[in-house]
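Below is one structure, written out as structure tokens; the observations come after it.
Numbering (our numbering), first residue to last: 17 to 378.
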């Protein structure tokens with residue numbers, strides 16, 4: 017069900033794009049036992065911005081200025097029948113404000129793909145790749161992109177092509193190889209992880225998520241964390257709101273936390289105690305980073321299993337959900353279960369049944 021929702025969201029964005037005439041340093045948790053963490057992007061660049069910096073101009077970052085040129089390219093007609101693709105370079109249709117229409121950026125990417133033999137000369141803009149903007153938030157029109165604001169996902173691209181795209185298309189910060197139909201991450205403790213391959217650049221993105229209690233900035237290495245499209249109103253957040261309203265001062269166990277969305281929203285809502293858990297360590301790393309970014313200082317433990325981080329009123333675990341009963345001695349008011357498509361949530365519900373007053377499948 018979740019993958020269908022994601023596909024529908026991507027398709028809606030694509031339809032908007034089509035109809036508007038013209039859309040190793042590790043994440044280094046520098047783990048020093050019992051000391052506040054420091055974070056660095058894998059790529060070594062200054063990709064991780066503070067929440068205030070991200071939110072400062074996010075509503076206008078993709079908006080056309082008065083000088084930005086409208087672009088009229090047809091999405092279902094071969095690009096080579098609409099223009100001389102030899103004209104496409106980093107300055108083609110670039111406004112003095114430094115941004116380019118998404119269609120132009122996609123055309124530039126397609127031109128390189130055709131040069132490299134990844135796409136044929138009759139290819140259209142509709143089948144170039146999946147564009148994932150950053151920071152991402154609900155848009156009502158096709159964006160005009162500044163530099164380093166796009167990660168692309170493609171099943172067709174190879175390493176040489178990816179290298180050219182990152183070097184020659186300034187808006188693209190990273191290129192991933194994979195299919196949108198694959199759910200990235202670990203479904204359960206008995207499954208092998210599914211990831212997208214980062215071919216070149218950096219795949220760190222930020223999603224901006226609205227909640228009734230404030231805005232969240234959620235960072236993700238998109239090759240390791242499943243894609244979710246920010247919506248004006250999130251059904252998962254609405255489900256959380258209903259759960260929290262049943263208790264005066266709820267303690268919350270987010271047992272499949274991913275990058276931390278629901279548990280962070282619970283903290284924003286004033287929950288006095290939140291425990292995050294995920295079996296996928298990269299997801300736990302993202303949770304730790306997102307706690308810090310959203311104003312909840314973190315101390316790491318130096319572990320990559322079990323208890324890996326703590327804060328004033330939260331803890332982060334990397335454990336199999338079936339082991340939580342042996343790890344957590346307290347009883348929580350609410351347990352949040354948010355599983356991947358095709359995964360039976362019964363195992364998760366049964367695993368936490370004795371330590372939670374109410375188990376909610378989000």
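Every residue gets a Cβ at the ideal spot worked out from N, C-alpha and C, and that includes glycine.
Small disclaimer: the values here were computed from a predicted structure and weren't measured.
In this chain, the beta strand (DSSP E) harbouring residue 325 covers 322-326. Shortest Cα-Cα distance from residue 352 to any of 112, 311, 258 involves 258. At the C-beta level, residue 201 and residue 210 come within 8 angstroms of one another.
Annotation for residue 216: no alpha helix (DSSP H) segment contains it, though the beta strand (DSSP E) segment containing it runs 213-217. Taking 8 angstroms as the upper bound for CB-CB distance, residue 115 and residue 84 are in contact here, some 6 angstroms apart. Inclusion of residue 317 and residue 324 in the CB contact set at 8 angstroms is warranted, their separation being smaller than that value. Following the DSSP letters along the chain, one finds residue 304 in no beta strand (DSSP E) but inside the alpha helix (DSSP H) bounded by residues 297-309.
A straight line joining the alpha-carbon of residue 289 with that of residue 229 spans about 16 angstroms.
For residue 302, the closest alpha carbon among the candidates 284, 121, 334 is that of 334.
Distance from the CA of residue 280 to the CA of residue 97, rounded to the nearest whole angstrom, comes to 49 angstroms. Judged by beta-carbon spacing, residue 376 lies beyond the 8 angstroms limit of residue 269, meaning their Cβ atoms are not closer than that value. Under the three-pair Cβ rule at 8 angstroms, the segment 159-170 counts as touching the segment 190-204. Ranked by Cα distance from residue 295, the options 362, 155, 339, 92 are led by 339. Taken through DSSP and simplified to helix, strand or coil, residue 372 comes out as strand.
Ranked by Cα distance from residue 278, the first of 159, 226, 263, 265 is 226. According to DSSP, residue 351 shares a beta bridge with 269, 375. Between residue 264 and residue 372, the alpha-carbon positions lie close to 16 angstroms from each other.
With contacts defined by Cβ atoms closer than 8 angstroms, residue 104 and residue 127 form a contacting pair. A residue is called buried when at least 16 other Cβ atoms come within 10 angstroms of its Cβ; residue 92 does not meet this threshold and is exposed. 271 is the residue among 307, 271, 327, 330 whose C-alpha sits nearest the C-alpha of residue 374. Secondary structure note for residue 128: its alpha helix (DSSP H) is the uninterrupted segment 118-131. According to the DSSP assignment, residue 107 belongs to no beta strand (DSSP E), since it is labelled neither H nor E.
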